[in-house]
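Enquirer: The structure follows.
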Amino acid sequence: MPVFGYEAVDNKGRVLRGALEAESEQLLIAKLHEQGLHVVRVEEQKSRAKLFSGFSKPKKPKLQAMVLFARQFATMIDAGIPILRCLDILYTQTKDPALKNALDAVRKDVKSGMALNEAMEKHPTVFSELFVNMIRAAEVAGILDQILDRLATFLEKDLEVRQKIKSAMMYPVMVLVFSFLVLIAIFMFVLPRFKEIFASMNVEMPAMTQFIFSASDFLIGYWWMLAGAIAGGLFVIRRYIRTPKGRYQYDYLKLRLPIFGELVLKLAVARFARTLGTLVASGVPLMRTLEIVGQTSGNAVLATAIEGTRASIREGQPLSAPFAATNLFPQMVIHMMDIGEESGRLSEMMVKIADFYEQEVDATIKGLTSMIEPLLIVFLGGIVGFIAISIMMPMFKLINAIQ
17 MPVFGYEAVD NKGRVLRGAL EAESEQLLIA KLHEQGLHVV RVEEQKSRAK
67 LFSGFSKPKK PKLQAMVLFA RQFATMIDAG IPILRCLDIL YTQTKDPALK
117 NALDAVRKDV KSGMALNEAM EKHPTVFSEL FVNMIRAAEV AGILDQILDR
167 LATFLEKDLE VRQKIKSAMM YPVMVLVFSF LVLIAIFMFV LPRFKEIFAS
217 MNVEMPAMTQ FIFSASDFLI GYWWMLAGAI AGGLFVIRRY IRTPKGRYQY
267 DYLKLRLPIF GELVLKLAVA RFARTLGTLV ASGVPLMRTL EIVGQTSGNA
317 VLATAIEGTR ASIREGQPLS APFAATNLFP QMVIHMMDIG EESGRLSEMM
367 VKIADFYEQE VDATIKGLTS MIEPLLIVFL GGIVGFIAIS IMMPMFKLIN
417 AIQ
């Protein structure tokens, strides 16, 4: 997605400059107008690095850094330390380069009289729309410490789920990578030696042996072509996934995958519920909340469905009705949402849903891990067994011929 640099003027006459990702210049201008900004100039940022944008992303801080930042900020505000002093301390302590650069600009803007949320909004790759809107609601209500505490809790939960997934998948991925390297070594160095031995003794080779030797010859002679095809394919796929249509199809496929699709849906529902609950509890208007929830859902299919609910809710329908019509959300979510609306405890119900589905994600990951490990052993054992039998069959023929 292209990045546009812009210059705009807010309602107070202050000149704002920044950069945002947008599909087109017109969409960027429309987005800035929604934020109450008058656009003076827009220019697409071009660089040599853009040629490789399929593999690169704008610099973002690590999630661990944002968790620590939010938690420390909340603690200092709760202790009565002025915002400017907090920003100075956080800037000094932060080691993450992306966050440090953004904090430097934010503290300068705040010193010049800009509101904290407006200063953060100029750095969308560091401070998400969820982050900015929660800060905006906090400044209006005068409860910055409480909102920062909720924000820190939200980020901590997000980090916890990501770490569980990462740690659960580490072992299978390491086994696959190591096995792949061993198989490459066998095909490129071991099998050619056996082929020379069998050829020198004029041993008749069965079809399966000829097949693995042909595969070995192809890998040795055309490894560069195979590597190029894989790299090119990955590049094209990644570029396509970055388009709106490609992203939607990719996310739809993930939801329809057997076994793994259930995990993807649970993750998306947990994130949706926690984001919705956190924003509603922070006092962000419902329509703006739904917009942010869709943008931060992490799944284009859910984002499209959430966007489709906004028109019905704007017309006065209860929140649960249009969400039930999407046929994406589990019935438990719909019922809890309905109860939350009726009792005036929507944020509390959403947080409970998030807690439940995060536990479900944890259980699903453990189940998948226990299932993947034996499947990997069987799969890799089958490949190694096939290679071993292919080598042993000519050797048996050779032994029989000698006898």
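Residue numbers (my numbering): 17 to 419.
Every residue, glycine too, gets a C-beta built ideally from N, C-alpha and C.
1. Any idea what DSSP makes of Val55, helix, strand or coil?
2. Per DSSP, Tyr22 forms a beta bridge with which residues?
3. Note down, in chain order, each residue of its chain lying with its Cβ closer than 7 Å to the Cβ of Lys180, except the 5 sequence neighbours on either side.
4. Let me know the secondary structure DSSP gives Ile236 once reduced to three states.
5. Give me the Cβ distance between Tyr256 and Gly262, rounded to the nearest whole Å; I'm assuming they're in contact under 8 Å.
6. To the nearest angstrom, report how far apart Leu67 and Ala215 are at their CA atoms.
7. Around the Cβ of Pro77, are there at least 16 other Cβ atoms within 10 angstroms (buried) or fewer (exposed)?
8. For Leu414, which residues of its own chain have a beta-carbon under 8 Å away from its beta-carbon, when the five flanking residues on both sides are left out?
9. Which residue from Met185, Ala135, Gly129 and Ser128 puts its Cα closest to that of Leu119?
10. Indicate whether Gly299 and Ala153 have their beta-carbon atoms separated by less than 9 Å.
11. Within a Cβ cutoff of 8 Å, which residues of the same chain sit near Ala404, ignoring the five residues on either side of it in sequence?
12. Counting pairs of Cβ atoms below 8 Å between the segment 355–368 and the segment 266–284, do you hit three or more?
13. How would you write the range of the alpha helix (DSSP H) that Leu192 sits in, first residue to last?
14. Tell whether a beta-carbon distance below 9 Å holds between Leu292 and Met366.
15. Give me the Cα-Cα distance between Phe229 and Arg209, rounded to the nearest whole angstrom.
16. Taking the Cβ atom as the reference point for each residue, do Glu364 and Ala286 lie within a distance shorter than 9 Å?
17. So, for Gln80: in the same chain, excluding its five sequence neighbours on each side, which residues have a beta-carbon less than 7 Å away from its beta-carbon?
18. If we call anything under 9 Å between Cβ atoms a contact, is Leu146 one with Ile308?
19. Look at Lys47 and Leu32 and say whether their C-beta atoms are less than 9 Å apart.
20. Which residues in the same chain have their Cβ closer than 7 Å to the Cβ of Tyr107, if we skip the five residues on either side of it in sequence?
21. Does DSSP put Ser69 in a helix, in a strand, or in coil?
22. Are there 16 or more other CB atoms within 10 angstroms of the CB of Ile163, so buried, or fewer, so exposed?
23. What is the DSSP secondary structure of Gly324, reduced to helix, strand or coil?
24. State the Cα-Cα distance for the pair Gln311 and Ala319, rounded to the nearest angstrom.
Expert: By the coordinates alone:
1. Three-state DSSP puts Val55 in a strand.
2. Paired residue(s): Gly34 and Val58.
3. Cβ neighbours of Lys180 within its own chain (closer than 7 Å, five residues either side excluded): Asp378 and Ile381.
4. Ile236: helix per DSSP, three-state reduction.
5. Yes, Tyr256 and Gly262 are in contact; Cβ-Cβ is about 4 Å, under 8 Å.
6. Its pLDDT being 40, under 50, Leu67 is placed unreliably by the model, and nothing is read from it.
7. Buried.
8. So the list reads Phe214, Met217 and Val219, once near-sequence residues are dropped.
9. For Leu119, the nearest C-alpha among the options comes from Ala135.
10. A Cβ-Cβ contact shorter than 9 Å links Gly299 with Ala153.
11. Contacts found: none.
12. Output reads no: the segment 266–284 does not touch the segment 355–368.
13. Counting along the chain, the alpha helix (DSSP H) containing Leu192 begins and ends at Leu160 to Ala201.
14. Against a cut-off of 9 Å, the Cβ pair of Met366 and Leu292 comes out as a contact.
15. Roughly 10 Å separates the two Cα atoms.
16. Ala286 is positioned such that its CB atom lies no closer than 9 Å to that of Glu364.
17. When the five nearest sequence neighbours on each side are left out, the beta carbons in the same chain lying within less than 7 Å of the beta carbon of Gln80 are those of Leu175, in order along the chain.
18. A contact, by the Cβ cut-off of 9 Å.
19. Going by beta carbons, Lys47 and Leu32 fall outside the 9 Å limit.
20. Only Lys116, Leu119, Asp120 and Arg123 meet the Cβ criterion.
21. Since pLDDT at Ser69 reaches only 43, below the 50 mark, its modelled position is unreliable, and the value read off the structure follows with that caveat. Coil.
22. Per the 10 Å Cβ criterion, buried.
23. In the structure shown, Gly324 sits in a helix (DSSP, three-state: H, G or I).
24. Rounded to whole angstroms, the separation of the alpha carbons of Ala319 and Gln311 is 6 Å.
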